[in-house]
Amino acid sequence: RQGYEDPHWQYPAAGYRDDYTYQSHQWQPVAWKGDRDPRQGEPYGKSTNYRDQHYYGGYHPNLATAPPGQDRMQTYDSYEGSYISAARRERAGGGTLGSDSGEAGGQPREPSLLLQYRELGLSSSSCELSQYIRDGADHYDHRLSGTWSPAQAGRPWVPTPSLVVPLKFSVPHVVVCFGASGQLVLVCPHRPAAGQLALVEIHSVEVLLHDTKELEELQAFPGPLAREDLHKVDVMTFCQQKIATSCDLSTQSGRDSALLWKLLVLLCRQNGSMVGSDTAELLMQDCRRLEKYKRQNPAANLIGVTDDDRMSRQPGTLDLITGEVPPVVETQAQIVEKFTKLLYYGRKKDALVWAMRNQLWGHALFLSSKMDPRTYSWVLAGFTSTLATNDPLQTLFQLMSGRIPQAALCCGDATWGDWRPHLAVMLSNKVGDMELNHRAIVIMGDTLAGKGAVEAAHFCYLMADIPFGYFGAKAERMALLGSSHRQAFTQFARTEVIQRMEIFEYCQQLRQPKSFLLPFQAYKLLYASRLADHGLPAQALQYCEQIATVLLAQDPANHPILTQQVIQVS
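Here the sequence shown stands for residues 1 to 570, numbered as in the UniProt record's numbering.
Spelled out as structure tokens, the structure:
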């Protein structure tokens, strides 16, 4: 439609807005429909803003395409003068135009267009909509069109196109909208024009959704957690209920999820502070069983023992060093006695080999430590070769040796075993190089995340104090606790995940009352919207107030979109 976006069309001047023909928001010029006597004056004055050229271009295509050299105002004035003169002649001769008291001759006047719509059972809004959409020429009285013609004005007649807009609803229909305070307003499809009473039903959204899982999940959470009347025992109880109802301890992912909830319980109990030994105890409690790591014999190439040496030293043969026949089965005391005799003769290298072969690692390590560094490293390598590859002692010794433990690079596999004892060893035994310890824990988290163990990876990231990021920043390691931000947003921002994240923020506030997680405020606003959608507007408003407090502590100008959305939801 022409001129729809023109401000002159949407907002007519005050000089003619008060005229009768512009009531009910009818912005276009409308011919007199019998409700107005032309003698009352010309509604279209020649000195008002009504003559704006954009207005005529939008509503009168004939005037918009006037011949070159002819002023549009003159064209419209000629149309207007011809129309009024014809109307006066019709009225003087007993025509169709009537006054407010009725038509001449006692004939009843034709009902207005609004009354015709009401008799047809249509609403007044439909009448206004049709008058708003159609061209202004369609609103002239049909009896006038039969009396007056453009030829009387001395102008050629040009047909004016009109829009025929079908009704949006052909029969009465149900109208539904959401009201304040979590209400659903429903208007039943009755016909008031036919004598039926209008029926409006007001329902509570909370009552309508009382048996849904989503509403039960929202009502069970004791949020918002920043309120003053909340006790941390309520938060701990909620976490324990989540462990009992939502975590399948028979699966690895279920145990990892339960571990995060147990960590939140520990943080609540200790007011947001913990040390490595506390976390290690939690990790070992959650392990189903302590695995038995099989020890191996030391590698032959490390202790210098060949097959010929084994054959020449069979039981019952003469020992060339001591000159004695060794017993078939040697006790621990006999093994130590032979180690001592070898040292009597100054055979330190043979004593080391004997001690390593018979698992006397204490004697071997102490003796080699008093020798040269190369010998000590050789004995130490022989000792670590006896440990299983996935033994947590291997992780500790490798970390103490200044290397990234192999467990940090290989954990998460079914053949490798549980990752928790390795993390417990690293957390409880801080080495001198703290940067190495931090890097080893982060690498372990990256390894677990790469194998799909998101909850386990986030546990490692929390131990390494990795900050939280945003959903769009895929390079970040965490956005919401226990949920991967590399999946779809609907799956990422689940209600349970947002609740768990809010509990973590609450635990930090127990230690530092003014602390908050700025990236998390957008998800709290999303949670508030869900509360409002499920008929819980009071809790939703409390969340909005908390977010507003955080934004005011910062500079709201730094977060204009979030600030605007908080105001809208509030």
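For glycine and all other residues, C-beta sits at the position ideal for the given N, C-alpha and C.
In this structure, how does DSSP classify residue i when only helix, strand and coil are distinguished?
| i | result |
| --- | --- |
| residue 571 | As shown, the chain starts at 1 and ends at 570. That puts residue 571 outside it, with no answer to give. |
| Leu480 | strand |
| Leu225 | coil |
| Ile404 | coil |
| Gln487 | coil |
| Val275 | coil |
| Val566 | helix |
| Asp256 | helix |
| residue 576 | There is no way to answer for residue 576, as the model of the chain reaches only from 1 to 570. |
| Gln219 | helix |
| Pro172 | coil |
| Pro189 | coil |
| Gln334 | helix |
| Pro520 | Position check: residue 520 holds Phe in this sequence, whereas Pro was assumed. Reduced to three states, the DSSP call for Phe520 is helix. |
| Asn437 | helix |
| Pro467 | coil |
| Gly452 | coil |
| residue 572 | No statement about residue 572 is possible, as the shown extent of the chain runs from 1 to 570 and does not include it. |
| Cys247 | coil |
| Gly412 | coil |
| Val431 | coil |
| Gln131 | Residue confidence for Gln131 is low, a pLDDT of 46 falling below 50, so the modelled location carries little weight and cannot support an answer. |
| Val165 | coil |
| Tyr461 | helix |
| Tyr345 | coil |
| His363 | helix |
Between the alpha carbons of residue i and residue j, how many angstroms are there, rounded?
| i | j | result |
| --- | --- | --- |
| Asn437 | Val569 | 45 angstroms |
| Leu163 | Val174 | 27 angstroms |
| Trp361 | Leu387 | 12 angstroms |
| Thr447 | Tyr470 | 21 angstroms |
| Arg331 | Arg357 | The displayed chain sequence assigns Thr, not Arg, to residue 331. Roughly 14 angstroms between the two C-alpha positions. |
| Ser253 | Glu455 | 7 angstroms |
| Asn429 | Gly402 | 13 angstroms |
| Arg500 | Phe516 | 15 angstroms |
| Thr495 | Ala381 | 51 angstroms |
| Trp416 | Gln406 | 10 angstroms |
| Leu531 | Lys242 | 20 angstroms |
| Glu337 | Arg374 | 26 angstroms |
| Asn390 | Cys411 | 9 angstroms |
| Arg420 | Phe504 | 21 angstroms |
| Gln219 | Met236 | 16 angstroms |
| Asn558 | Ile547 | 14 angstroms |
| Leu518 | Asp465 | 16 angstroms |
| Ser385 | Lys474 | 41 angstroms |
Can you tell me whether residue i is buried or exposed, with buried defined as 16 or more other CB within 10 angstroms of its CB?
| i | result |
| --- | --- |
| Met434 | exposed |
| Ser24 | At Ser24 the pLDDT is 41, less than 50, meaning the model places this residue with poor confidence; the figure from the coordinates comes in the next sentence. Ser24 should be labelled exposed. |
| Thr251 | exposed |
| Val233 | exposed |
| Leu199 | exposed |
| Gln512 | exposed |
| His485 | buried |
| Asp418 | buried |
| Lys370 | exposed |
| His458 | buried |
| Gln521 | buried |
| Phe489 | exposed |
| Val353 | buried |
| Cys247 | buried |
| Arg227 | exposed |
| Tyr344 | exposed |
| Ala355 | buried |
| Gly346 | exposed |
| Arg477 | buried |
| Ile498 | buried |
| residue 574 | The requested residue 574 does not occur in the structure, where the chain is confined to residues 1 to 570. |
Since residue i and residue j are thought to touch, with beta carbons under 8 angstroms apart, how far apart are those beta carbons, to the nearest angstrom?
| i | j | result |
| --- | --- | --- |
| Leu525 | Val566 | 6 angstroms |
| Leu184 | Val205 | 5 angstroms |
| Ala453 | Asp256 | 6 angstroms |
| Thr395 | His363 | The pair is not a contact, with the Cβ atoms about 25 angstroms apart (cut-off 8 angstroms). |
| Leu266 | Asp278 | 6 angstroms |
| Cys460 | Gly272 | The pair is not a contact, with the Cβ atoms about 19 angstroms apart (cut-off 8 angstroms). |
| Val379 | Leu399 | Between Leu399 and Val379 the Cβ distance is about 20 angstroms, and since that is not below 8 angstroms, they are no contact. |
| Pro537 | Ser181 | 6 angstroms |
| Gly432 | Leu209 | Actually they are not in contact, since the Cβ atoms of Gly432 and Leu209 sit about 58 angstroms apart, beyond 8 angstroms. |
Can you check DSSP and say which residues form a bridge with residue i?
| i | result |
| --- | --- |
| Leu184 | Phe178 and His203 |
So that I know if they touch, is there some Cβ in chain C lying closer than 7 angstroms to that of residue i?
| i | result |
| --- | --- |
| Gly195 | Among the chains in the structure shown there is no chain C, since it carries only a single protein chain. |
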